[in-house]
Amino acid sequence: PCPFPVVPDEPLSRGDFFRILRDTYRGTPFDMSAQRASGPFGMTDRYDGTDNVKEEGRDGQGAFERPIGVYRMAYSYVCEPSSHLPLFHFGPHAAQTGVYFPILAGGGVGAMDECPEPLARGTVEAIDRESAYWAFRIVKHAARGLPWNRCLEMISDRQRKWEGRAARIVDEAAAA
Numbered sequence: 001p002c003p004f005p006v007v008p009d010e011p012l013s014r015g016d017f018f019r020i021l022r023d024t025y026r027g028t029p030f031d032m033s034a035q036r037a038s039g040p041f042g043m044t045d046r047y048d049g050t051d052n053v054k055e056e057g058r059d060g061q062g063a064f065e066r067p068i069g070v071y072r073m074a075y076s077y078v079c080e081p082s083s084h085l086p087l088f089h090f091g092p093h094a095a096q097t098g099v100y101f102p103i104l105a106g107g108g109v110g111a112m113d114e115c116p117e118p119l120a121r122g123t124v125e126a127i128d129r130e131s132a133y134w135a136f137r138i139v140k141h142a143a144r145g146l147p148w149n150r151c152l153e154m155i156s157d158r159q160r161k162w163e164g165r166a167a168r169i170v171d172e173a174a175a176a
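Take 1 as the starting number for the sequence shown in full-length UniProt numbering and just add one per residue.
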């Protein structure tokens with residue numbers, strides 16, 4: 001059993017949580033981008049088939065590890081509690097290829113009365129080019145058809161750019 005709670009060596013930042021939610025075991029013995037199933041471009045998506053059906057004599061051999069940053073996420077979020085500036089960072093679709101949007105969650109100055117339309121709409125049932133969910137889903141699926149490792153580098157650069165920009169705005173608001 002794992003001890004609860006585990007005290008980290010240093011405080012975790014919002015960026016640390018974003019990285020955790022995008023994790024595919026990179027740099028570990030279970031690195032999904034370095035396995036034979038990853039192909040020549042390091043694809044980390046794995047499809048489990050019928051792993052919910054128990055077969056007699058099957059002991060789990062050949063099963064894939066399940067990363068936190070799984071391809072089939074509908075959304076993920078990071079809550080940043082604070083009495084001064086409570087934030088909710090929302091990431092539509094798969095964290096690995098999406099961007100986290102900071103949303104002021106409290107009722108203070110700058111808090112949202114309504115969720116922005118692109119974040120509020122979009123389902124898995126129908127393509128909606130006005131929704132953030134579908135924008136990121138299209139990016140993910142387009143990248144899957146190209147050299148994944150190169151596309152993921154470009155996507156990661158954009159994530160750092162947009163999340164860095166959002167972090168600066170949030171930090172300025174927190175300092176005010």
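Just so you know, even glycine gets a beta-carbon here, dropped at the ideal spot from N, CA and C.
Can you tell me whether residue i is helix, strand or coil according to DSSP?
i     : result
Val78 : strand
Phe41 : helix
Tell me where the beta strand (DSSP E) around residue i begins and ends.
i      : result
Met116 : The identity of residue 116 in the sequence shown is Pro, whereas the question assumes Met. Run containing Pro116: none; DSSP gives neither H nor E here.
Pro68  : The identity of residue 68 in the sequence shown is Ile, whereas the question assumes Pro. Counting along the chain, Ile68 falls outside any beta strand (DSSP E), and DSSP gives it neither H nor E.
Does the distance from the CB of residue i to the CB of residue j come in under 8 angstroms?
i      : j      : result
Pro92  : Gly122 : yes
Tyr100 : Val70  : no
Val170 : Leu87  : yes
With residue i as the anchor, note down where its alpha helix (DSSP H) starts and where it stops.
i      : result
Phe88  : Counting along the chain, Phe88 falls outside any alpha helix (DSSP H), though it belongs to the beta strand (DSSP E) covering Leu87 to Pro92.
Phe101 : Segment Phe101 to Leu104 is the beta strand (DSSP E) holding Phe101; no alpha helix (DSSP H) there.
Is the beta carbon of residue i within less than 7 angstroms of some heavy atom of the ligand GDP?
i      : result
Asp171 : With respect to small molecules bound, the structure shown includes none, and the ligand GDP cannot be examined in it.
Kindly indicate which residue of the options has the alpha-carbon position closest to the one of residue i.
i      : options                        : result
Pro147 : Asp113, Ser33, Asp9 and Ile127 : Ser33
Ser83  : Pro67, Glu65, His89 and Ala105 : Ala105
Discussion item. To test your reading of the DSSP string, which unbroken alpha helix (DSSP H) runs of 4 or more residues are found completely within the stretch 113-175?
Written reply: 117-120, 132-144 and 148-175
Worksheet entry | Those runs of the alpha helix (DSSP H) which lie wholly inside the stretch 2-44 and span at least 4 residues | 14-21
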